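**Student:**
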Amino acid sequence: MSQNKEKIAEELAYCVKSDMDIENIVDKFRHDLQELDYGNRVAAIRKAIEHLNQGCTVNYVADGFREWYGITIDTDELKKILLQSKDLLPEEERKRNIDKNLLTIERPEDGKKIDLAYLQHKYKLGYHYIDDLFRHNSPAYSGSDLCEALYFQAVCSLCKDRKEIDEYFENLKREREIAQKEEEHRI
């Protein structure tokens, strides 16, 4: 290995801060990252760790590698490399970051557009978890446009015909009315 390649391998290992052997890191990344310059390699690794720390799934990060950098990498291989990083937060902290992101970053501003399939892919959490999180942390959530949008996404992913969707929305309407009555009684 030339002196320049050794230096690059050392810097890459430092960025990953992994317990893995430098040669193994370079071998694993060489094929998928060979067309990128060194700066992009470091950026790709840092971005991957950043997303994992936010609570994103390894599958989401692997898809991101394809989208952000044009790198196709097997999720198991990526997991082996990145989950050993010393910069990676503990799992409990990453899970707390998911809740924070769902309540702030991922919450649509207009309260009407929500992509449940995207959120499930990104955080591996389904409708019930997200709905419960919003109900416990947002007093105005029940009966809101966001509640209806999230519910609509869940129904559409589960239902096969319009009749089922209509039934779900009738149930939602009843829930909204009950929530409004409860709010009125509190005041």
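For any residue, its number in the working numbering is found by taking its place in the sequence shown, counting from 1, and adding 1106.
Yeah, the Cβ is synthetic: ideal placement off N, Cα and C, and Gly gets one too.
All values reported here derive from a predicted model rather than from experimental measurement.
For the alpha helix (DSSP H) that R1172 lies in, which residues bound it at each end?
**Tutor:** Unbroken run through R1172: none, as it is neither H nor E.
**Student:** Can the beta-carbon of N1207 be found less than 9 Å from the beta-carbon of G1170?
**Tutor:** no
**Student:** Just to confirm, are L1222 and F1240 a CB contact at a threshold of 9 Å?
**Tutor:** no
**Student:** Nearest to D1180 by CA position, among S1263, V1261, L1231 and Y1166, is which residue?
**Tutor:** Y1166
**Student:** Under 9 Å, do L1158 and R1202 count as touching if we go by C-beta distance?
**Tutor:** A distance of 9 Å or more separates the beta carbons of L1158 and R1202.
**Student:** Look at the alpha carbon of Y1175 and the alpha carbon of E1283, and state the distance between them as a whole number of angstroms.
**Tutor:** 48 Å
**Student:** For I1204, which residues of its own chain have a beta-carbon under 6 Å away from its beta-carbon, when the five flanking residues on both sides are left out?
**Tutor:** G1161 and Y1229
**Student:** What separation, rounded to the nearest whole angstrom, lies between the Cα atoms of L1194 and L1184?
**Tutor:** One C-alpha to the other measures close to 13 Å.
**Student:** Taking all protein chains shown into account, decide if S1191 is buried (16 or more other Cβ within 10 angstroms of its Cβ) or exposed.
**Tutor:** Burial state of S1191 is buried, judged by a 10 Å Cβ sphere holding 16 or more other Cβ atoms.
**Student:** Could you give the DSSP three-state label for Q1259: helix, strand or coil?
**Tutor:** helix
**Student:** Around the C-beta of Q1259, are 16 or more other C-beta atoms found within 10 angstroms, so that it is buried, or is it exposed?
**Tutor:** Q1259 comes out buried.
**Student:** State buried or exposed for A1168, treating a residue as buried only when at least 16 other CB atoms are found within 10 Å of its CB.
**Tutor:** Buried is the call here.
**Student:** Rounded C-beta distance between Y1257 and L1278? I'm assuming under 8 Å.
**Tutor:** Indeed they touch by this definition, with Cβ atoms about 5 Å apart.
**Student:** Which residue spans inside the region 1175 to 1258 form an unbroken beta strand (DSSP E) run of at least 3?
**Tutor:** If we require 3 residues or more, the region 1175 to 1258 turns out to have no beta strand (DSSP E) run fully inside it.
**Student:** Quick check on this structure: which residue in E1290, A1150 and L1188 has the alpha carbon closest to the alpha carbon of E1173?
**Tutor:** A1150
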